[in-house]
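**Student:** The sequence shown maps to residues 846 to 1278 in our numbering. Glycine included, every Cβ here is placed at the ideal spot set by N, Cα and C.
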Amino acid sequence: MSKKLFIETLGCAMNTRDTEHMIAELSEKEGYEVTGDLTDADLILINTCSVREKPVSKLFSELGIFNKKKKPDAKIGVCGCTASHLGEEIIKRAPYVSFVLGARNVSKISEVLHKDKAVEIDINYDESEFAFKDFRSSKYKAYINISIGCDKSCTFCIVPKTRGDEISIPDSLILNEVRKSVDAGAKEIFLLGQNVNNYGRRFSGEHEKVNFTELLRRISKVGGVERIRFTSPHPFHMDDEFIEEFAANPKICKSMHMPLQSGSTKVLKEMKRGYSKEWFLNRAKKLRSVCPEVSISTDIIVAFPGESDEDFEDTLDVLKEVKFEQLFSFKYSPRPQTEAEHFSDIVDEETASERLTRLQSLHTQMLDEGNAKLLGNVYRVYFEDLFQDNFVAGRSDNNIMVKVKGSDELLGEFRDVKITSIGRTVLTGEVVV
Ligand code: 5AD
Ligand code: SF4
846 MSKKLFIETL GCAMNTRDTE HMIAELSEKE GYEVTGDLTD ADLILINTCS VREKPVSKLF
906 SELGIFNKKK KPDAKIGVCG CTASHLGEEI IKRAPYVSFV LGARNVSKIS EVLHKDKAVE
966 IDINYDESEF AFKDFRSSKY KAYINISIGC DKSCTFCIVP KTRGDEISIP DSLILNEVRK
1026 SVDAGAKEIF LLGQNVNNYG RRFSGEHEKV NFTELLRRIS KVGGVERIRF TSPHPFHMDD
1086 EFIEEFAANP KICKSMHMPL QSGSTKVLKE MKRGYSKEWF LNRAKKLRSV CPEVSISTDI
1146 IVAFPGESDE DFEDTLDVLK EVKFEQLFSF KYSPRPQTEA EHFSDIVDEE TASERLTRLQ
1206 SLHTQMLDEG NAKLLGNVYR VYFEDLFQDN FVAGRSDNNI MVKVKGSDEL LGEFRDVKIT
1266 SIGRTVLTGE VVV
């Protein structure tokens, strides 16, 4: 009988892909099979995120619950970004944890499994050319890493301390993964990296000069690739060449993530983001002018240390001007080993909450106005998910989630869909072709 693996994934798409890598390694090398039932598992993994404080504190309460519910001889491993930054402390605080495996050490999963109390968290470990075994949770969409780590030094961000320096994965390996995914039936390729449009800055070995724009061109030429998405690009690296390729290449989905963080040039400087309010607005304007159908999403942090009312108004200003189709917004959360951890001029909790609420309600109001205009529009939708009540869901090229009545026959298929009813996160429609 095969051994059972229960794995919980927190955080970003990089973590989702790391989880797939661990499943692949464990199933091929150790004979594990994934289960959704914690009480039946022989191995329990939590793939953690440390970008904000909340998920970190949640980890220890969750570990306690897992420890109570697990089979007596089942092992618990803590992986991912919190594993990288807390390391040994996790075993000190939760001695029943069998091993700790960092976000940059995923390839060692079958090794640590056999070493009791192992802590593998070296952030200089180079996994950029590791040949992971194959496993993909979706048949229709393939996540493919194009780089590891992050070379930026945003003062709020813990990621460079959990995922290390940035190394690009050779394009021959990426293209190989693309071909394999297409052969296995995926029509959509989702490229992942902390800073994708910095691709090509540094490789582990000798490599010809290739930037992200050129990588996109090469991937789009692989037969069978119908759609390309990516996350996350950095506004600082959004040069004209990149924006123009984005607009002109029909394989590239017209949805761009532009993490603003703050609309105030003063705060952006404190954050060490490398661009100003004007640069950001200029890039967004250029993008909308060469690609009118684009939808733009963003990340915003409110109440960064020193953020005044005026600074916050600048952020609202950018929101009004760019009219982001999607907003991910957070209260600033001080993180260990970051520069901003030591900044004074902390914004009090009440002001932080007020700002977050104001930002989110302004966005919701703008979104409702924008969405109302989508009624009756027709979108080409790629179906990927089964929903409850006989609905099948997918995304338009510009990332609008749409559901229609239907069955699994639609999965992996493209259809033109007319929007018949509007919702905030998902629109409802009917297939016209
Ligand atoms: N506090 C709040 N939000 C943060 N993010 C990153 N670090 C922090 C922090 N210390 C947000 C940023 C980033 C997203 C993934 O998480 O907006 O783009
Ligand atoms: Fe992803 Fe950053 Fe969270 Fe790590 S800390 S899982 S890189 S969002």
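Can you tell which of VAL1135, LYS1114, PHE1259 has the C-alpha that lies nearest to the C-alpha of GLY1239?
**Tutor:** Along the sequence shown, read from residue 1 onward, the residue named residue 1239 stands at position 394. Per the Cα distances, PHE1259.
**Student:** Can you tell me where the beta strand (DSSP E) with HIS1102 in it begins and where it stops?
**Tutor:** Residue numbering aside, residue 1102 sits at position 257 when the sequence shown is read from its first letter. It spans 1100 to 1102 - the beta strand (DSSP E) in which HIS1102 sits, taken as one unbroken run.
**Student:** Could you say if the region 1158 to 1165 and the region 1251 to 1268 meet the contact criterion of at least three C-beta pairs nearer than 8 Å?
**Tutor:** Segments in contact, no.
**Student:** Given that a residue counts as buried once 16 or more other Cβ atoms are within 10 Å of its Cβ, and exposed if not, what is THR1076?
**Tutor:** Reading the sequence shown from its first residue, position 231 is the one you call residue 1076. THR1076 comes out buried.
**Student:** Could you tell me which of ASP918, VAL901, ALA919, MET867 sits nearest to ILE935, measuring between CA atoms?
**Tutor:** Locating residue 935 in the sequence shown gives position 90, where the first residue counts as 1. For the residues ASP918, VAL901, ALA919, MET867, the minimum Cα distance to ILE935 belongs to VAL901.
**Student:** For ligand 1, which residues have a Cβ under 6 Å from at least one heavy atom, in chain order?
**Tutor:** Qualifying residues, in the order they occur: VAL896, ARG897, PHE1001, CYS1002, PRO1104, GLN1106, ASP1144, ILE1146, PHE1175, TYR1177, SER1178, ARG1180.
**Student:** Are the beta-carbon atoms of TYR985 and GLY1257 separated by less than 7 Å?
**Tutor:** Taking the sequence shown and counting its residues from 1, the one referred to as residue 985 is at position 140. Taking the sequence shown and counting its residues from 1, the one referred to as residue 1257 is at position 412. Their beta carbons are under 7 Å apart, which means TYR985 touches GLY1257 by this criterion.
**Student:** If you follow the beta strand (DSSP E) that VAL1004 is in, where does it begin and where does it stop?
**Tutor:** Against the sequence shown, residue 1004 aligns to sequence position 159. Here VAL1004 belongs to no beta strand (DSSP E); instead the alpha helix (DSSP H) covers 1004 to 1008.
**Student:** CYS926 by DSSP, collapsed to three states: which one?
**Tutor:** Here residue 926 refers to the residue found at position 81 when the sequence shown is read from its first residue. CYS926 falls in the helix class under three-state DSSP.
**Student:** Can you give the Cα-Cα distance for LEU1020 and ASN1094, rounded to whole angstroms?
**Tutor:** Translated into the one-based positions of the sequence shown, residue 1020 becomes position 175. Translated into the one-based positions of the sequence shown, residue 1094 becomes position 249. Rounded to the nearest angstrom, the two C-alpha atoms are 17 Å apart.
**Student:** Can you give the beta carbon distance from ILE993 to ILE1034, rounded, assuming they're within the 8 Å contact cut?
**Tutor:** Position 148 of the sequence shown holds residue 993. Position 189 of the sequence shown holds residue 1034. With a Cβ gap of about 18 Å, ILE993 and ILE1034 do not count as contacting.
**Student:** Count the other C-beta atoms from every protein chain shown that fall within 10 angstroms of the C-beta of ALA1197, then say buried if there are 16 or more, exposed otherwise.
**Tutor:** Here residue 1197 refers to the residue found at position 352 when the sequence shown is read from its first residue. It counts as buried.
**Student:** According to DSSP, is ARG1074 part of a helix, a strand, or is it coil?
**Tutor:** Within the sequence shown, the letter at position 229 stands for residue 1074. Looking at ARG1074 - three-state DSSP - the assignment turns out to be strand.
**Student:** Check each candidate in VAL1135, SER1140, PHE1188 and name the one with the smallest Cα separation from ALA1148.
**Tutor:** As a working mapping, residue 1148 is identified with position 303 in the sequence shown. Ranking VAL1135, SER1140, PHE1188 by Cα distance to ALA1148 puts PHE1188 first.
**Student:** Using three-state DSSP, classify GLN1106 as helix, strand or coil.
**Tutor:** As a position in the sequence shown, residue 1106 is number 261, starting the count at 1. In this structure, GLN1106 counts as strand in the three-state DSSP scheme.
**Student:** Can you give me the C-alpha to C-alpha distance between HIS1079 and HIS1102, rounded to a whole angstrom?
**Tutor:** On the sequence shown, position 234 is the one that residue 1079 refers to. On the sequence shown, position 257 is the one that residue 1102 refers to. Distance between the alpha carbons of HIS1079 and HIS1102: 8 Å.
**Student:** Tell me the DSSP bridge mates of SER1140?
**Tutor:** To locate residue 1140, count along the sequence shown from 1; it is residue 295. Beta-bridge pairing links SER1140 to SER1100.
**Student:** In this structure, how does DSSP classify ASN990 when only helix, strand and coil are distinguished?
**Tutor:** What you label residue 990 is simply residue 145 of the sequence shown in a count that begins at 1. Strand.
**Student:** Using three-state DSSP, classify LEU1220 as helix, strand or coil.
**Tutor:** Counted from its first residue, the sequence shown places residue 1220 at position 375. Coil, per DSSP.
**Student:** THR893 lies in the beta strand (DSSP E); which residues open and close that run?
**Tutor:** If you number the sequence shown from 1, residue 893 lands on position 48. Counting along the chain, the beta strand (DSSP E) containing THR893 begins and ends at 888 to 893.
**Student:** Say the cut is 6 Å; is the CB of VAL1041 nearer than that to a heavy atom of ligand 2?
**Tutor:** On the sequence shown, position 196 is the one that residue 1041 refers to. Result no, Cβ not under 6 Å from ligand 2.
**Student:** Kindly give me the distance between the Cβ atoms of VAL1055 and ASP1016, rounded to whole angstroms, as I take these residues to be in contact under 8 Å.
**Tutor:** Position 210 of the sequence shown, counted from the first residue, corresponds to residue 1055. Position 171 of the sequence shown, counted from the first residue, corresponds to residue 1016. Their Cβ separation, rounded to whole angstroms, is 5 Å, which keeps VAL1055 and ASP1016 in contact under 8 Å.
**Student:** How about VAL1237 and ASP1261: are their beta carbons less than 7 Å apart?
**Tutor:** On the sequence shown, position 392 is the one that residue 1237 refers to. On the sequence shown, position 416 is the one that residue 1261 refers to. No; because the gap between Cβ atoms is not below 7 Å, this pair is not in contact.
**Student:** Please name the residue, chosen from ASN912, PHE980, VAL1041, ILE991, that lies closest to LYS997 on a Cα-to-Cα basis.
**Tutor:** Here residue 997 refers to the residue found at position 152 of the sequence shown. Checking every option, the nearest Cα to that of LYS997 belongs to VAL1041.
**Student:** What did DSSP end up calling GLY1257 once you bin it into helix, strand or coil?
**Tutor:** Taking the first residue of the sequence shown as position 1, residue 1257 is located at position 412. GLY1257 falls in the coil class under three-state DSSP.
**Student:** Between the beta-carbon of TYR941 and the beta-carbon of ASN912, is there less than 7 Å?
**Tutor:** As a first step, residue 941 must be located in the sequence shown, where it is residue number 96. As a first step, residue 912 must be located in the sequence shown, where it is residue number 67. Result yes, Cβ atoms of TYR941 and ASN912 sit closer than 7 Å.
**Student:** On the CB-based measure, 16 or more other CB atoms within 10 Å of its CB, does PHE1169 come out buried or exposed?
**Tutor:** The residue you call residue 1169 lines up with position 324 of the sequence shown. With 16 or more other Cβ atoms within 10 Å, it is buried.
**Student:** Classify GLU1086 as buried or exposed, calling it buried when 16 or more other Cβ atoms lie within 10 Å of its own Cβ.
**Tutor:** Taking the sequence shown and counting its residues from 1, one reaches residue 1086 at position 241. Result: exposed.
**Student:** Which residue comes first and which comes last in the beta strand (DSSP E) that contains MET1246?
**Tutor:** By 1-based counting over the sequence shown, the position of residue 1246 is 401. Its beta strand (DSSP E) spans residues 1246 to 1250.
**Student:** Given a cut-off of 7 Å, decide if ASN990 and ARG862 are closer than it, judged by their beta-carbon atoms.
**Tutor:** Mapped onto the sequence shown, residue 862 falls at position 17. Mapped onto the sequence shown, residue 990 falls at position 145. Yes, these two residues count as a Cβ contact at 7 Å.
**Student:** Could you tell me whether any non-hydrogen atom of ligand 2 is closer than 6 Å to the CB of VAL1004?
**Tutor:** Translated into positions along the sequence shown, residue 1004 becomes position 159. The answer is yes for VAL1004.
**Student:** Is DSSP giving PHE1175 helix, strand or coil here?
**Tutor:** Taking the first residue of the sequence shown as position 1, residue 1175 is located at position 330. Residue state, collapsed to three classes: strand.
**Student:** How big is the Cα-Cα spacing for GLY909 and ALA939?
**Tutor:** As a first step, residue 909 is located in the sequence shown; it is residue number 64 there, counting from the start. As a first step, residue 939 is located in the sequence shown; it is residue number 94 there, counting from the start. Going by the C-alpha atoms only, they are around 8 Å apart.
**Student:** If you compare alpha carbons, which of GLU1022, TYR988, GLN1039, ARG1024 is closest to ILE1012?
**Tutor:** Translated into the one-based positions of the sequence shown, residue 1012 becomes position 167. Nearest C-alpha to ILE1012: GLN1039.
**Student:** State yes or no: is the C-beta of PHE975 within less than 7 Å of the C-beta of ALA869?
**Tutor:** The sequence position of residue 975 within the sequence shown is 130, counting from 1. The sequence position of residue 869 within the sequence shown is 24, counting from 1. Their beta carbons are not under 7 Å apart, which means PHE975 does not touch ALA869 by this criterion.
**Student:** Rounded to a whole number of angstroms, what is the C-alpha to C-alpha distance between ILE968 and LYS1117?
**Tutor:** By one-based count along the sequence shown, residue 968 stands at place 123. By one-based count along the sequence shown, residue 1117 stands at place 272. So the alpha carbons of these two residues sit roughly 22 Å apart.
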